[in-house]
Every structure is written in structure tokens, then in C-alpha cells.
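Positions in the sequence shown are counted from 1; adding 2 to them yields the working numbering.
Where is the CB? At the ideal position from N, CA and C, for every residue including glycine.
A short worksheet on the structure shown next.
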Amino acid sequence: ETRVELPELSAPPGAMAADGAHGIIWVAVGGAVVAMQESGDGPQAFADLGLEITDLAVGPPGKAFAVAETITWLALRQLDRCSGDVISFDPDSQLEEMIAYDPMSRNLFTHRVGGSGGQLRRFTVNPATRVYTWAQAVNAGDNCRDLEVSPNGAHLVLACGAGNGGTTAYSLTDFRPTDLVSLGEWQVGAYPRSATFSPDSAHMASGRYPETKLERFSTGDHTSLGELSVDLAQADCSNGELLRVRYSRGGQLLIALISCDASRGLLVWHRL
3 ETRVELPELS APPGAMAADG AHGIIWVAVG GAVVAMQESG DGPQAFADLG
53 LEITDLAVGP PGKAFAVAET ITWLALRQLD RCSGDVISFD PDSQLEEMIA
103 YDPMSRNLFT HRVGGSGGQL RRFTVNPATR VYTWAQAVNA GDNCRDLEVS
153 PNGAHLVLAC GAGNGGTTAY SLTDFRPTDL VSLGEWQVGA YPRSATFSPD
203 SAHMASGRYP ETKLERFSTG DHTSLGELSV DLAQADCSNG ELLRVRYSRG
253 GQLLIALISC DASRGLLVWH RL
């Protein structure tokens with residue numbers, strides 16, 4: 003287990019996305035985005051969007067999506083990793099605070115963060131014109147905190163506190179991204195906070211809070227492959243809150259994003 007301190011910033015980390023193809027970890031802190039090598043070494047890129055960022059997703063090549071929330075509207079933006087330029091989509095009232103993007107089908111998925119009554123929405127995206135069109139919506143659970151599509155475009159997972167309303171409590175549905183039909187369920191336990199897929203799409207990993215437990219599952223038969231614990235006491239972060247879990251690009255590391263206090267966070271590397 004390896005821990006990397008995030009740079010001192012004025013707000014706790016709020017979202018994370020892993021660009022496996024380029025070995026980049028994106029972290030949102032308040033209204034800013036920090037991009038760093040997944041190893042924790044080397045230079046870091048920084049861009050300030052000026053609005054609180056509620057979620058990040060890796061977009062088309064060289065891009066990342068960020069949802070920046072104000073009191074009255076949500077704006078979907080693309081952040082260019084190379085130049086740091088911010089390119090805005092037109093605001094759309096149907097967008098929610100969480101996003102995931104499937105480059106295989108060019109579908110964008112959204113859901114609200116926390117609360118009840120939200121819907122999992124699917125949009126089609128034209129990367130050239132930056133136009134997105136509503137396609138579908140389904141009810142998929144309450145108090146949701148994370149949304150991910152597998153790299154092969156065959157699976158989608160939405161981490162909600164009580165699960166997605168499947169056959170058992172706290173189970174997460176394996177959604178087919180092209181039409182949001184259920185392919186099965188993962189029995190993750192209480193209370194799922196984050197979920198992600200391995201680079202080869204063979205595994206789904208979930209993170210629970212307040213237990214701060216990580217667990218890996220098969221995407222084939224949905225069985226558990228074992229749990230991992232995150233020991234935060236050694237890092238003076240005993241009251242830390244698990245926000246995100248993501249795989250490294252080679253699938254050898256499982257990375258957890260932890261918020262320790264109002265100005266400090268941790269990235270915890272688990273070697274698999």
C-alpha cells in the first residue's frame with residue numbers, strides 16, 4: 003500500500019477520474035482540476051474553472067468532462083489536458099452532477115449526487131460539434147455517489163447507498179450501456195460509495211463508507227474476488243472519507259481517493 007499526499011489546496015478533493023490510456027489521474031478540488039501522473043511523480047497540470055466541480059469523466063482523446071455546479075444551473079465542460087483551455091458546452095437543465103462517458107458508443111450518462119428521486123440518464127454525444135442529445139432515463143436508486151462505464155463499453159455501474167433496487171439490498175446492477183438493461187448484480191454490502199472497472203473490463207471494484215473497504219468482483223459471473231482494507235490511522239487520517247476508487251492503466255494498482263479534512267486528501271495505492 004502506497005500513499006501520495008495531494009498538494010495543499012483550499013478545499014478537500016471532490017472527484018477523481020483515471021485516464022488509463024495516458025496514465026493520468028484527474029482530481030477535482032473546489033473549482034479547480036489537477037492532473038498528475040498515476041505514479042504520483044512528475045509535473046502536475048492545473049486549471050481553474052471558477053465553479054465548484056461535482057464530477058469528472060475521461061472524455062474523447064485529450065479531453066476530460068467536468069460538471070461544474072452553480073445554484074441555478076449545471077454546465078458541462080471539456081478540459082483540454084495539453085493546454086488547460088476550457089471549452090464549454092451549452093448549459094442543459096437535464097444534466098445532473100455525476101457523469102460517465104463511453105467512447106465506444108459516444109454515450110454520456112448522468113445522475114444526481116445524493117438525495118432521492120434522481121434518474122440515470124443517457125445522452126448521445128457528437129465530439130466534433132460538442133452537441134449532446136437526450137436518449138433515455140431509468141430509475142436506479144437513491145443517495146448515489148459514483149458512475150462508471152467499463153473500458154470495453156459493455157458494463158455500467160452506478161454506486162448508490164442502498165443499491166439500485168435489485169433482488170437484494172445494497173446490490174449494484176450491471177447495466178448494459180447501450181440501453182440500460184440489467185445484465186446481473188454485484189452483492190457489494192452496505193454502503194457502496196464508489197465503483198469502477200479494471201482496464202480489461204474483467205473486474206468491477208467497489209468502495210464502501212464508512213467502513214472504508216474495497217472489494218473486487220467479476221464482470222462475468224458477478225462473484226466476489228476478495229476485500230482490501232484501507233488503514234487510514236497510520237496516515238493521520240483516521241476520520242477520512244472514501245470518495246473514489248479507480249484502477250491504474252495496467253490494472254496492477256487499485257487507487258482510493260480519501261478526503262481527510264477541509265484542506266487535505268490522500269491517494270492510496272493498493273498493489274494487486
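- Message: Just list the residues that DSSP pairs Q254 with in beta bridges.
- Response: Paired residue(s): none; Q254 is not in a bridge.
- Query: In or out: W28 buried (at least 16 other Cβ within 10 Å) or exposed?
  - Reply: buried
- Excluding the five sequence neighbours on either side, which residues of its own chain have a C-beta within less than 8 Å of the C-beta of Y172, listed in chain order? A164, G165, Q189, V190, G191, A192, Y193, P194
- Message: Tell me the DSSP secondary structure of A235 in three-state form.
- Response: helix
- In the DSSP assignment, find the beta strand (DSSP E) that holds D148 and state where it starts and stops. 146-151
- Item | Nonlocal neighbours in the same chain, by C-beta distance under 7 Å from D202, ignoring five residues either side | G253
- Please name the residue, chosen from A23, A142, T225, that lies closest to T112 on a Cα-to-Cα basis. A142
- Whether T214 touches V232 by CB criterion (8 Å): yes
- Tell me H348's beta-bridge partners as DSSP assigns them. The structure shown does not extend to residue 348, since the chain spans only 3 to 274, so no value can be given for it.
- Query: Which residue comes first and which comes last in the beta strand (DSSP E) that contains S173?
  - Reply: 173-178
- Can you grab the Cα-Cα spacing for the pair P129 / V36, in whole Å? 23 Å
- Compute the Euclidean distance between the alpha carbons of D144 and F48, then round it to the nearest angstrom. 33 Å
- Item | C-beta contact flag for M100 and C146 at 8 Å | yes
- DSSP on A66, reduced to helix/strand/coil? strand
- Query: Do G167 and E187 have their C-beta atoms closer together than 8 Å?
  - Reply: no
- Residues of its chain near D50, where Cβ-Cβ distance is below 7 Å and the 5 sequence neighbours each way are ignored: G33, A34
- Task: Classify H24 as helix, strand or coil using the three-state DSSP reduction.
- Result: coil
- Three-state class that DSSP yields for T2 in the structure shown: This structure leaves residue 2 out entirely; the chain is present only between 3 and 274.
- Message: From the DSSP secondary-structure annotation, give me the bridge partner or partners of L244.
- Response: I260
- Taking the alpha-carbon positions, what's the S184 to T170 distance? 14 Å
- Determine the burial state of G52: buried for a count of at least 16 other Cβ atoms within 10 Å of its Cβ, exposed for fewer. exposed
- Nearest-angstrom Cα distance between L174 and H224? 10 Å
- Task: Spell out the partners DSSP gives L158 in its beta bridges.
- Result: V151, F177
- Query: In angstroms, rounded to a whole number, what distance separates the CA positions of I257 and G25?
  - Reply: 13 Å
- Query: Rounded to a whole number of angstroms, what is the C-alpha to C-alpha distance between R280 and L255?
  - Reply: A question about residue 280 goes unanswered here, because the residues of the chain that appear run from 3 up to 274.
- Query: Would the beta-carbon of E150 fall within 8 Å of that of F199?
  - Reply: yes
- Query: Where does the unbroken beta strand (DSSP E) through P194 begin, and where does it stop?
  - Reply: 194-199
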